[in-house]
Each structure stands twice: as structure tokens, then as C-alpha cells.
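Each remark here refers to the structure printed beneath this line.
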Amino acid sequence: MLIQKLIVYGCLGVMLEVFFTGFHSIIILRNRSAISRTSLWMIPVYGGGALWLGFLRTVVPLPIMFVPLATLSIFAAEYVAGWIFRKLGIRIWDYSHSKFSIQGLIRVDYLPFWLMVAVAFDQLSDYVAKIMELVGKMA
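In this text, residue positions in the sequence shown follow the numbering used here: the first is 12, and each later residue adds one.
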């Protein structure tokens, strides 16, 4: 079940990134084509991050405490993943152009977005687990 969760949450994360980068393309870049950008390497990053958030949610069940810790965890995961990718010669993202970036790996101005992701995870993770359980029974 762990591998399935990794893949499901990894794919959900990539879908979220496609929407985010597509809307960024429309709103910021004024490109009505809504070009999105991601990498297959992000599937294990998002999947692993979601597994960590799931564990964190069991340890810190109160949303008022979980959401800030989850938001910080997401920032830390993005920084560490970006650092590892950079060491491997892989550049999936580079925020160096932003005055809000930290070493080009994370952007502080993305805090509200990551906060919304943490809230969404808190609200939706039980539903995703139930759907995965139903699909598992059908197989």
C-alpha cells in the first residue's frame, strides 16, 4: 500500500504543479496557451512528501498545529530536493531570478501557496485513502 500511496500522491502533486505552472503562464507570463512545466522526477518528491505529511498528521492531529508544521515541511522538502537535484546536475527549477528566493531553491513568496497545499492535504487525505481502499477492493 505504501508504493501505491507514493505513486497516487506523486501523480496528484504533478497534476497540481501542472495547474500551478499553467495558471502562472496565463496570469504572469500572459501566455494564453497555458504552457505547464514539470518533471517525472517530481513524482517521488511529491509522493514522499505526502507520505511524510501523512505521518506528521498522525503525530500532530490538530489542524491548528499540523498546518504550520506541514507548511514548513513542504518548504524543507522543496529545498532539500532542489539541493539534491542540483548536486546530481538536474535543474528542474531555478528561482535565482526572484528576489524572494533562497539560493534559487525555494521562494518565500510561495508560502501562501504551500500553506493552501497543507490545508488541502489535511482536508483531503482521508478521502484519498478511502478512494484508494475502494479501488483496491475492486482489483
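Glycine is no exception: its CB is placed at the ideal position from the N, C-alpha and C atoms.
| request: Starting from the Cα of F31, find the closest Cα among V128, Q114, Q134 and give me that residue. | output: Taking the first residue of the sequence shown as position 1, residue 31 is located at position 20. Comparing Cα positions, the closest option is V128.
| Every unbroken alpha helix (DSSP H) inside the stretch 45-96 [4 residues or more] | The stretch 45-96 contains these whole alpha helix (DSSP H) runs: 53-70.
| task | Look at G60 and A45 and say whether their C-beta atoms are less than 8 angstroms apart. | result | Stepping through the sequence shown from its first residue, residue 60 is reached at position 49. Stepping through the sequence shown from its first residue, residue 45 is reached at position 34. Not in contact: G60 and A45 (Cβ atoms no closer than 8 angstroms).
| message | According to DSSP, is S36 part of a helix, a strand, or is it coil? | response | The count along the sequence shown starts at 1 and reaches residue 36 at position 25. Three-state result, S36: helix.
| request: Measure the alpha-carbon distance for D105 versus L116 and round it to whole angstroms. | output: Here the question's residue 105 lines up with position 94 in the sequence shown. Here the question's residue 116 lines up with position 105 in the sequence shown. Taking the straight line joining both Cα atoms gives about 6 angstroms.
| For W125, does the count of other Cβ atoms within 10 angstroms reach 16, so buried, or fall short, so exposed? | Within the sequence shown, residue 125 is the residue found at index 114, counting from 1. Result: buried.
| DSSP on I103, reduced to helix/strand/coil? | Residue 103 sits at position 92 when you count from the first residue of the sequence shown. Coil, per DSSP.
| query | Which of the three DSSP states, helix, strand or coil, is assigned to S136? | reply | Walking along the sequence shown from the start, residue 136 turns up at place 125. Helix, per DSSP.
| Contact between the stretch 109-123 and the stretch 52-67 (3+ Cβ pairs under 8 angstroms) | no
| field | Beta-carbon proximity list for M6, same chain, < 8 angstroms, skipping 5 on both sides | value | With the chain running from 12 to 150 in the structure shown, residue 6 is simply not present.
| request: Please determine, among I95, L99, I75, F96, the residue with the shortest C-alpha to C-alpha distance to D133. | output: Within the sequence shown, numbered from 1, the residue matching residue 133 stands at position 122. Nearest C-alpha to D133: I75.
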